[in-house]
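At position 228 of the sequence shown (counting the first as 1) the number is 306 in the numbering used here, and the numbers step up by one without a gap. Single-structure report; data block below.
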Amino acid sequence: MNSSIGEVMEVCLLAGKIMLQSGAEIYRIEDTMNRIARACAVSEPHSYVTVTGIFLTLRDPERGREQTRFLRIYERQIDLNKIAAVNQISRMLGERELTLKQAHEALMTIERSGFLYPLWLQIIAAAFASGFVCLAFGGTWLDFWPSVVTGGLGFLLYILINRRVAVKFFSEILAAFAVGLIAYLFYYYGIHYLNIILHSDKVIIGSVMPLVPGVLIMNAIRDLMAGDLVAGLARGTEAFLTALAIGTGVAVALAVLM
Numbered sequence: 079m080n081s082s083i084g085e086v087m088e089v090c091l092l093a094g095k096i097m098l099q100s101g102a103e104i105y106r107i108e109d110t111m112n113r114i115a116r117a118c119a120v121s122e123p124h125s126y127v128t129v130t131g132i133f134l135t136l137r138d139p140e141r142g143r144e145q146t147r148f149l150r151i152y153e154r155q156i157d158l159n160k161i162a163a164v165n166q167i168s169r170m171l172g173e174r175e176l177t178l179k180q181a182h183e184a185l186m187t188i189e190r191s192g193f194l195y196p197l198w199l200q201i202i203a204a205a206f207a208s209g210f211v212c213l214a215f216g217g218t219w220l221d222f223w224p225s226v227v228t229g230g231l232g233f234l235l236y237i238l239i240n241r242r243v244a245v246k247f248f249s250e251i252l253a254a255f256a257v258g259l260i261a262y263l264f265y266y267y268g269i270h271y272l273n274i275i276l277h278s279d280k281v282i283i284g285s286v287m288p289l290v291p292g293v294l295i296m297n298a299i300r301d302l303m304a305g306d307l308v309a310g311l312a313r314g315t316e317a318f319l320t321a322l323a324i325g326t327g328v329a330v331a332l333a334v335l336m
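Shown next as structure tokens:
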């Protein structure tokens with residue numbers, strides 16, 4: 079492909095940025111960036127990705143010297159659909175089904191797009207996932223609907239707070255606190271007004287599941303196994319702090335109410 083080294087770097091960094099912000103593994107990001115560079119006739123690309131930044135070095139075949147760029151990443155979330163879309167673009171670029179300009183436009187479209195599913199559908203999915211997890215951990219059908227309501231409200235609160243607070247651990251603590259509070263209210267009113275015994279512990283376990291960083295834990299393990307020790311330890315620490323925030327929020331709610 080007859081493209082300048084600057085255009086190639088722009089596409090590589092944009093692909094890496096989208097994947098890193100969407101929760102992709104480090105080795106997958108580096109491999110995708112390198113594949114795009116090689117598809118554009120760059121023989122020896124060098125990429126180094128951390129949890130919060132991307133380094134890329136490419137050799138300019140015309141000038142015979144290397145160019146290096148760094149991109150800082152501030153926001154991260156889980157969006158597997160965007161990761162799959164970027165991988166597909168890199169394959170099409172490697173098979174000459176897309177030009178570099180077309181690949182850049184497609185990546186810009188992916189970056190501007192939102193989640194594959196709307197917010198209301200995410201909340202419903204989180205709510206019913208909470209209910210079925212509650213059943214899986216030994217809860218009864220009487221615990222199912224309280225867990226659905228608690229999990230849905232907790233997940234909604236997490237999203238709303240996360241949009242306003244820069245530190246996501248605060249939103250996780252507050253959402254977990256709300257889960258503990260709502261679960262206890264269901265337990266209290268169920269006993270005193272409806273003569274129904276609810277298992278508040280099962281309701282809480284099911285309701286916090288949408289907040290648990292399952293993908294983050296898995297990516298940390300996969301990064302460690304792939305040899306990306308810095309990224310693996312960083313993501314493992316982030317997952318640990320998230321779990322600590324969830325546990326703290328629930329514990330504070332129960333300590334205040336009981």
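Here a beta-carbon is modelled for each residue, glycine too, at the ideal position from N, C-alpha and C. Everything numeric in this text was worked out from a predicted model, so none of it was measured.
C-beta atoms of residue i and residue j nearer than 8 Å
i	j	result
R242	S168	no
S100	Q166	no
I251	G314	no
V293	I324	no
K179	I96	no
L136	A117	no
I275	A261	no
S125	F133	yes
I239	A253	yes
G216	K280	yes
S285	Y265	no
A317	L185	no
A309	V164	no
Start and end residues, alpha helix (DSSP H) containing residue i
i	result
V127	Counting along the chain, V127 falls outside any alpha helix (DSSP H), though it belongs to the beta strand (DSSP E) covering 124-127.
T110	104-117
A93	83-99
Environment of residue i [buried if 16+ CB atoms lie within 10 Å]
i	result
M87	buried
N80	Residue placement at N80 is poorly supported in this model, since its pLDDT is 46, which falls under 50; the coordinates still yield a value, given next. Per the 10 Å Cβ criterion, exposed.
E108	buried
R106	buried
G229	buried
R89	As written in the sequence, residue 89 is Val, which differs from the Arg given in the question. Buried, by the Cβ-count rule.
S191	exposed
W219	exposed
V257	buried
S249	buried
Y152	exposed
Y236	buried
L98	buried
For the region 247-310, list the alpha helix (DSSP H) runs that are entirely contained and at least 4 residues long, ordered along the chain.
-> Within the region 247-310, the runs of alpha helix (DSSP H) at least 4 residues long that lie entirely inside it are, in chain order, 278-286, 292-303.
Any alpha helix (DSSP H) of 4 or more consecutive residues that is wholly inside the region 134-221 | Taking only runs of at least 4 residues, the alpha helix (DSSP H) segments lying wholly in the region 134-221 are 158-172, 178-190, 197-214.
At least three beta-carbon pairs within less than 8 Å, the region 222-229 to the region 198-214 | The region 222-229 is in contact with the region 198-214.
Between the region 293-304 and the region 327-336, do at least 3 Cβ pairs fall closer than 8 Å?
-> Segments in contact, no.
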